[in-house]
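Colleague: First, the structure itself, so that you have it in front of you.
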Amino acid sequence: MPQLVFLPHEELCPDGAVVEAEIGETILDVALKNGIHIEHACEKSNACTTCHCIVREGFDALEESDELEDDMLDKAWGLEPESRLSCQAKVVDTDMVIEIPKYTVNMVSEG
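Set out below in structure tokens:
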């Protein structure tokens, strides 16, 4: 089973986390299942950028993003070349290191 390392995030996982994931699960689903409550305002429908993450290691092993995800990512705060929407990026047979950006485009969080 691949491991996902979530880097420390001040609010969502202050100590960081190392979790196991099933191949084919989305990064978002793995995070939520492990108590890391990444925002996902559109309920995983690829219609917002609140679940934006940066794949610091393992990015090249991921399936390429589609045009809709790329269009959404263009609106994300802190976009980087290794940015993905965590609701769309599916775990592959490679360990990954994930950074959750400090901010999202939402002014107010649902939580």
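Sequential numbering of the sequence shown, starting at 1, is according to this note's numbering.
Backbone N, C-alpha and C fix where the C-beta goes; we use that ideal spot for every residue, glycine too.
How about V5 and I98: are their beta carbons less than 8 Å apart?
Modeller: Stepping through the sequence shown from its first residue, residue 5 is reached at position 5. Stepping through the sequence shown from its first residue, residue 98 is reached at position 98. Against a cut-off of 8 Å, the Cβ pair of I98 and V5 comes out as a contact.
Colleague: Could you confirm whether any beta carbon from chain B is found closer than 8 Å to the beta carbon of E69?
Modeller: This model lacks chain B altogether; it includes just one protein chain.
Colleague: In this structure, what does DSSP give as the bridge partners for C53?
Modeller: On the sequence shown, position 53 is the one that residue 53 refers to. According to DSSP, C53 bridges with R84.
Colleague: Taking the beta carbon of I23 as the centre, do at least 16 other beta carbons fall within 10 Å, making it buried, or is it exposed?
Modeller: Locating residue 23 in the sequence shown gives position 23, counting from the first residue. That one is exposed.
Colleague: Leaving out five residues on either side along the sequence, give the residues of the same chain with a beta carbon under 7 Å from the beta carbon of P14.
Modeller: For the purposes of this step, residue 14 is taken as the residue at position 14 of the sequence shown. If we look at P14 and ignore the five residues flanking it on each side, its Cβ neighbours are P8.
Colleague: If you draw a straight line from the C-alpha of G58 to the C-alpha of I36, how long is it?
Modeller: Sequence index remark: in the sequence shown, residue 58 carries index 58 (1-based). Sequence index remark: in the sequence shown, residue 36 carries index 36 (1-based). Rounded to whole angstroms, G58 to I36 spans 20 Å at the Cα level.
Colleague: Measuring alpha carbon to alpha carbon, tell me which of M1, A41, A89 ends up nearest I54.
Modeller: On the sequence shown, position 54 is the one that residue 54 refers to. Answer by Cα proximity: A89.
Colleague: If we ignore side chains and look at the alpha-carbon of each, how far apart do C42 and L85 end up?
Modeller: As a working mapping, residue 42 is identified with position 42 in the sequence shown. As a working mapping, residue 85 is identified with position 85 in the sequence shown. Each residue's Cα considered, the two are about 11 Å apart.
Colleague: Can you tell which of I27, V30, E82 has its C-alpha closest to the C-alpha of D60?
Modeller: For this step, residue 60 is matched to residue 60 along the sequence shown. Answer by Cα proximity: E82.
Colleague: Spell out the partners DSSP gives E99 in its beta bridges.
Modeller: The residue given as residue 99 occupies position 99 in the sequence shown. BP columns for E99 point to I54.
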